[in-house]
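In this note's numbering, the protein residues as written are -18 to 503. A virtual CB, placed ideally from N, CA and C, is assigned to each residue, including glycine. Here the structure is a predicted model, which means the values were calculated and not measured.
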């Protein structure tokens, strides 16, 4: 529907009158704190050891890491901090209270701290204390309690609250509106104590249609008032490597393509996320040249324990990524903290894979083509685990560590690491076929290697190691995907509201691989 001259003129007058873009802000981002209140570990023993063996996170170090993160942000002299979810290990009430206490030095200095929940944070049946060889349930928090606990961390100063989630809008710096989105599905968690067959905490996330309508209205209002607008949420909205939605769907919102398009059409084009524990920046563009940037920040408690610092000066967003270099926690003599954190990923990988296979072994046939399900039989969990680890570790560990750190293609011998893992996949397929297809193993192996699942696996591996989609840019369902950008240091230029005209960001690449992003309002 075409705008009349009078409506355009009216809009120009209104936006010119109200335009109050942020002149300066220094924004810190830390994500996935997974804070474990020390008193939850009543007595170390088998229960804690079993948990830590299945996890990639530095939970014992989480208290020291959060304290150090706060110290780092204070030294960076930030005036806004964004925390996109997973504040606690598993939503324990005492852990949430501990997070608030440890973040308080930021507030005392006048820093505006904004939080949203992650999938671990609310009504979680895995909230426990560790007591020697056993765990015991402890109290988690309800959505209302989460909002109350973090009243000083975004909610009480919110300009608008969504009625259908814990989403809200805040303006921590005059002229900068931040849409803080709750996409978690904690209401779908199940408890044996409430009559369910098992305890389960849902990893997936979704943006409800009602919440999306609220988001669109808030973006329109912000733009009408001449504000700069960004967002944060826990789950990803843009794939960060080929086929992420196939292999790691819980790390993207369930309806991510609809969310992408809705954000772009509304004029919301920069969203800060977490969840995957990797530092990565991905961009998507639709056929109308609308853009969306998903700026994912790694976890405070997972190598390399990063934090981001973003300078908003006039119309410029300068994103820098920094690493925690030391913590007040005993680590092996002669080892620096970064080496220690990396080693913990190496040590925990095999146990984590073993635990995942044990949990999902029964559903593995889903990944086989229909015609192979009657031919290949997945070996028992123990044998299958040995097969996976003997072929894929340590090549898969190298890739995981590289992806956590960002800019994988800049790592020494990145191409060799990629080729080694691709060969390891072939070796795994060979062993699997020998173990389950007998005399037909040679023929079946050739067919499996050519199957869509293996092809997607290899494309995903190549995409991660090359820090790109396909050959640099891939077109997926009419959208141009681009991940060939600097994950750690990124420069955006926001246009002034004096040049408002069409409601979208657009971007132009330059030879330094920096991207200029211009902000317009409808």
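Straight-line CA distance for residue i to residue j?
i           : j           : result
residue 92  : residue 223 : 38 Å
residue 384 : residue 200 : 32 Å
residue 129 : residue 317 : 39 Å
residue 341 : residue 56  : 44 Å
residue 283 : residue 417 : 37 Å
residue 447 : residue 244 : 28 Å
residue 423 : residue 331 : 28 Å
residue 321 : residue 302 : 20 Å
residue 173 : residue 315 : 47 Å
residue 270 : residue 462 : 12 Å
residue 329 : residue 298 : 36 Å
residue 431 : residue 408 : 14 Å
residue 281 : residue 356 : 45 Å
residue 507 : residue 445 : An answer regarding residue 507 cannot be provided, because it is not within the stretch -18 to 503 covered by the chain.
residue 221 : residue 230 : 12 Å
residue 476 : residue 187 : Note that residue 476 scores a pLDDT of 43, beneath 50, so its modelled location is shaky; the value from the coordinates is reported in the next line. Looking at the two C-alpha atoms, the distance is approximately 31 Å.
residue 24  : residue 13  : 25 Å
residue 114 : residue 84  : 32 Å
residue 371 : residue 175 : 41 Å
residue 137 : residue 64  : 16 Å
residue 429 : residue 212 : 42 Å
residue 335 : residue 185 : 22 Å
residue 239 : residue 218 : 9 Å
residue 472 : residue 289 : 13 Å
residue 338 : residue 139 : 43 Å
residue 10  : residue 292 : 11 Å
residue 124 : residue 98  : 9 Å
residue 26  : residue 94  : 36 Å
residue 257 : residue 374 : 20 Å
residue 295 : residue 273 : 21 Å
With H, G and I counted as helix, E and B as strand and the rest as coil, what does DSSP make of residue i?
i           : result
residue 111 : strand
residue 465 : coil
residue 8   : strand
residue 174 : helix
residue 17  : coil
residue 474 : strand
residue 422 : helix
residue 432 : coil
residue 452 : With a pLDDT of 43 at residue 452, under the threshold of 50, the modelled position of this residue cannot be trusted; read the value that follows with caution. Correct three-state label for residue 452: coil.
Would you mind giving the Cβ-Cβ distance between residue i and residue j, rounded to the nearest angstrom? I have them listed as a contact below 8 Å.
i           : j           : result
residue 39  : residue 46  : 6 Å
residue 164 : residue 216 : 5 Å
residue 233 : residue 242 : Residue 233 to residue 242, Cβ: 14 Å. No contact.
residue 181 : residue 387 : Actually they are not in contact, since the Cβ atoms of residue 181 and residue 387 sit about 31 Å apart, beyond 8 Å.
residue 7   : residue 51  : With a Cβ gap of about 15 Å, residue 7 and residue 51 do not count as contacting.
residue 254 : residue 275 : 6 Å
residue 450 : residue 464 : 5 Å
residue 470 : residue 300 : 7 Å
residue 160 : residue 21  : Actually they do not touch by this definition, with Cβ atoms about 33 Å apart.
Tell me which residues share the same chain as residue i and place their Cβ nearer than 6 Å to its Cβ, disregarding the 5 neighbours each side in the sequence.
i           : result
residue 310 : 42 and 45
residue 74  : 120 and 122
residue 105 : 71, 72, 121 and 182
residue 197 : 247
Under 7 Å Cβ to Cβ from residue i, same chain only, skipping five residues before and after it: list those, please.
i           : result
residue 426 : 410, 411 and 414
residue 227 : 437
residue 236 : 187 and 188
residue 90  : 55
residue 141 : 149, 150 and 199
residue 439 : 403 and 406
residue 521 : Residue 521 lies beyond the range of the chain shown here (-18 to 503); nothing can be said about it.
residue 96  : 64, 68, 131, 134 and 135
residue 441 : 222, 223, 224 and 228
residue 88  : 94 and 133
Take residue i and list the residues in its own chain whose beta-carbon comes closer than 8 Å to its own, dropping the five residues that flank it on each side.
i           : result
residue 144 : 191 and 195
residue 102 : 66, 67, 68, 69, 72, 77, 122, 127, 165 and 167
residue 189 : 145 and 146
residue 364 : 416
Task: alpha helix (DSSP H) runs wholly inside the segment 341 to 417, at least 4 long, in chain order - done: 351 to 354, 362 to 373 and 376 to 386
TODO: Could you tell me which uninterrupted alpha helix (DSSP H) segments, each at least 4 residues in length, are contained entirely in the segment 192 to 252, listed from first to last along the chain?
DONE: 225 to 228 and 237 to 247
Task: Complete beta strand (DSSP E) runs within the segment 255 to 335 (minimum length 3 residues, chain order) - done: 261 to 266, 272 to 277, 287 to 294 and 297 to 304
TODO: Enumerate, from N- to C-terminal direction, the unbroken beta strand (DSSP E) stretches of 3 or more residues contained entirely within the segment 22 to 84.
DONE: 22 to 24 and 61 to 65
TODO: Enumerate, from N- to C-terminal direction, the unbroken alpha helix (DSSP H) stretches of 4 or more residues contained entirely within the segment 80 to 162.
DONE: 124 to 130
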